[in-house]
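Heads up: the sequence lines are chains A and B, in that order.
Mind the numbering: the first sequence is residues 81 to 473 in our numbering, read in order.
Mind the numbering: the second sequence is residues 170 to 478 in our numbering, read in order.
Quick reminder that beta carbons are idealized off the backbone N, C-alpha and C, glycines included.
Below: the structure, in structure tokens.
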Amino acid sequence: MGIRERLSGNEAVATAMRQINPDVVAAYPITPSTEVVHYFSQYVADGKVDTEFVAVESEHSAMSACIGASAAGGRTATVTSACGLALMWELLYVASGARLPITLAVVNRALSGPININNDHSDSMGARDSGWIQLYSENNQEAYDNYIMSNRIAEHKDILLPVMVCQDGFITSHAIENIELLEDDKVKKFVGPYNPGFSLISGKPTSVGPYDTVPFYFEHQYQRARAMVDSKKVILDVFKEFGQLTGRNYGLFEEYRMEDAERAIIVLNSSAGTAKFACDTLRAKGEKVGVLKLRVFRPFPMEEIAKAVSHLKAVAVMDKCDSFSAIGGPVFGDVRNSCYGMSNGPQIINYIYGLGGRDVRVEDFTFVYENLDEIIKTGKTGEIYRHVGVRGV
Amino acid sequence: MAYNLKNECSKPERFVGGHRLCAGCGAGVAVRGVLRALDEGDLSVSCVATCCLEVSSCLYPYTSWQDGFVHSAFENAAATISGVETCYNKQKKDGKVKENYKFLAFGGDGGTYDIGLQSLSGALERGHDMVYVCYDNEAYMNTGLQRSSSTPKFAEVTTAPVGTEMHGKAQNKKDLTGIVVAHGVPYVAQTTFTANFKDMHEKAHKAIYTKGPAFLNVLAPCPRGWRYPPEDLMTICKLAVDTCVWPLYEVVDGEWKLTYEPKKKLPVEEYLSKQGRFRHMFAKGAEWMIEDAQKFVDKKWETLLKKCN
């Protein structure tokens, strides 16, 4: 089953968008996600989709038009990177606050400044608290699969939260790799028709986006927060169903050679592949090392992560984003928080790595594993907020 | 059928009372007047930018809007309504929507002349079938009377106050209507509240029933910010048009047409003297300000007359 193809990550996402055939796509070009818009515009020009495509004048207007279209009851999608996501910032909260199940393919790129067009995660990590579900993808296959699943998660009647599907700019967005696609009819059946609970154009008077007064605002925020908590189950259900359809079984995260590991690296997106290679090399020498690759970052799988790392002696959390908080990156913060209060839990350190497209090599991960070994041997964690791959550090 | 205010007012209201706009506020008058121009049977969705109108007319769980209403942010009413309109076109094509909908956006001058200008320009260029209505009260009233690019020269506002070194706003009002005309959209008009609302009604009807983007710039006085008694709304509007401070005209497919020419063009003092925001212009030694204001109005008026010939 499935169709064997060779596609870049961008074309894989564009293909998924074509197969989903949304009602409205509003987008604005930005490197490295622009290609998705190119491919999709061609599908529109060739009549391969029924979608109304709106080529807006900014990302701010892209998300605004998506909000309007979604509030009018249409299945709605957009694509962006970096500063484009930053320009959408205000509307990301409006979209999730109005409980509009928009999907957004993020092709991760460093935020300015100074300007840099290469990959890191400062864009989507900056939006981690905007009420959007965030799925991360190691390669083109995962970007495709995550995207196919995103509507089912977003539109679930108990959730109604927008979803970001993230992949690494250039590294996976532009690299052509083998991929197994689903047939169009199978995607259509899996995703299903969209039946919104309300619409501005249903014939009934409907107001969306009111001024929310003191007696109600807090309750609405609570409902949004609950939906994020509840989304974990829905995500797992959708993953399960997708696994039955494709044989590709996904979890909240992937545990790679973790069963008897003493040391592990926690990482997300494309660097997981490099980490796995480093892990294999050390495993061949008999070292007990593993990799935990996060797929679902929002909602954060707190209990599951705590359980998965509880048997380890030392963990390095990799952040391809510096949060300038002076206490480490965003993934680190959430992992350490998850492990708080654990008796005999692992030592946890943080590495900021690969900012602005800095090459991430196998040796970097080997170096990190070696440092974890040192921590175990000496019993001393030392500095926990570290950087790897920076000259002179 | 000839326009008849009584008949128009007997139609079911699309924007009902109970909202929290100030007494005499021009925004509510503009919305009611524009929505009255919808043909019976047609439905509408209005996107309102964050502004006095938005925070006063749709406070959860209440709404004054009998048709569709959407608000998302301050600077993006045009982009948001373009998404709604696009989705409608798709659903209409798919046979999912039976009703006939019209799409409007309402923003104040802050949300239109200033922060929302890019979003407006983009939507106009893309050609969405919508009407953007700017209710122009010449300052950021919702946040407490700050200057906008629509605030006229010398008006006293909180971010351009009158002091020993300053005389209110130092710059002239931006010609937004002219900027919109430059987009080449099929229908653009300037209007305000005249005695029987005929001018606004007819322009709103044309705007709504012209295919493609249309723009209405409605002078919508704010008694609090302009400092005049709320009951003088119609007097202020009348003086605005009779002094040619706010000329009434329309531009249909690029053709400029004056829709009202005062029998006798009144001096600007007649308009300025009724409003507290211009009080300092009438102090001893401030005569130059009146002259400056008159010169600006005269020049704009002459240019307009040339365009309308």
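In the three-state reduction of the DSSP assignment, A206/B falls in the coil class.
In this structure, Y418/B sits near A358/B, with a CB-CB distance shorter than 8 Å. Using a CB distance cut-off of 8 Å, E454/A does not count as an interface residue toward chain B. Looking only at A171/B, E439/B, A246/B, G337/B, the smallest Cα-Cα distance to Y282/B is reached by A246/B.
The beta carbon of K259/B sits closer than 8 Å to some beta carbon of chain A. Only those residues of the region 137-162 of chain A whose C-beta falls short of 9 Å from the nearest C-beta of chain B are listed: E137, S138, H140, S141, A142, M143, S144, A145, C146, I147, G148, A149, S150, A151, A152, G153, G154, T156. Considered as a whole, the region 277-353 of chain A harbours 294-326 as its complete alpha helix (DSSP H) runs of no fewer than 4 residues, in chain order.
With respect to the 8 Å criterion, G436/A and N198/A are classified as neighbours on the basis of their beta carbons. Residue pairing by DSSP places W234/B opposite F184/B in a beta bridge.
For N269/B, the nearest beta carbon of chain A is not closer than 8 Å to its own beta carbon.
Here DSSP, grouped into helix, strand and coil, assigns I100/A to helix. Closest option to N188/A, judged by alpha-carbon separation, among H201/A, A178/A, P194/A: H201/A. Per DSSP, R295/B lies in no beta strand (DSSP E) segment; the continuous alpha helix (DSSP H) that holds it begins and ends at 286-295. Note that the C-beta distance between A207/A and W169/A is below 8 Å. Secondary structure of C146/A (DSSP, three-state): helix.
Counting along the chain, N188/A sits inside no alpha helix (DSSP H); it lies in the beta strand (DSSP E) bounded by residues 183-188. Close partners of T328/B in chain A (Cβ separation under 8 Å) are lacking, with about 22 Å as the shortest Cβ gap. Contact between P436/B and T472/B does not hold, since the beta-carbon distance rounds to 19 Å and is not under 8 Å. Contact between E223/B and Y291/A is confirmed by a C-beta separation of about 7 Å, below the 8 Å threshold. With contacts defined by Cβ atoms closer than 8 Å, N386/B and F465/B do not form a contacting pair. The alpha carbon of H391/A has as its nearest neighbour, out of F322/A, Q221/A, M338/A, the alpha carbon of M338/A. Against chain A, the beta carbon of V253/B has neighbours under 7 Å at G148, A149, A151, A152, L280, listed in chain order.
In its chain, beyond the 5 residues on either side, R98, N101, Y123 have a beta carbon closer than 6 Å to the beta carbon of V129/A. Between the C-alpha atoms of C256/B and A305/A there is a straight-line separation of about 28 Å.
Look at N311/B: its C-beta is not under 8 Å from any C-beta on chain A. Annotation: Cβ neighbours of I250/B in chain A (cutoff 8 Å, chain order): G148.
Here N306/B is not near C216/B, since their CB atoms are 8 Å or more apart. W425/B sits in a strand when the DSSP states are folded into three classes. If the five residues before and after Y172/B are omitted, its C-beta is found closer than 8 Å to the C-beta atoms of N365, K367, H370, E371, all from its own chain and listed in chain order. Per DSSP, the continuous beta strand (DSSP E) segment holding I432/A begins and ends at 427-433. At a cut-off of 8 Å, the C-beta of E223/B has a neighbouring C-beta in chain A.
Listed in chain order, the positions of the region 351-373 of chain A with a beta carbon within less than 8 Å of a beta carbon of chain B would be empty, since no residue qualifies.
For D411/B, the uninterrupted alpha helix (DSSP H) segment begins and ends at 402-411.
Think of a sphere of 7 Å around the beta carbon of A106/A: the chain B residues whose beta carbon falls inside it are G252, in chain order.
The continuous beta strand (DSSP E) containing Y465/A extends over residues 465-468. In the three-state DSSP reduction, H336/B falls in the strand class (E or B).
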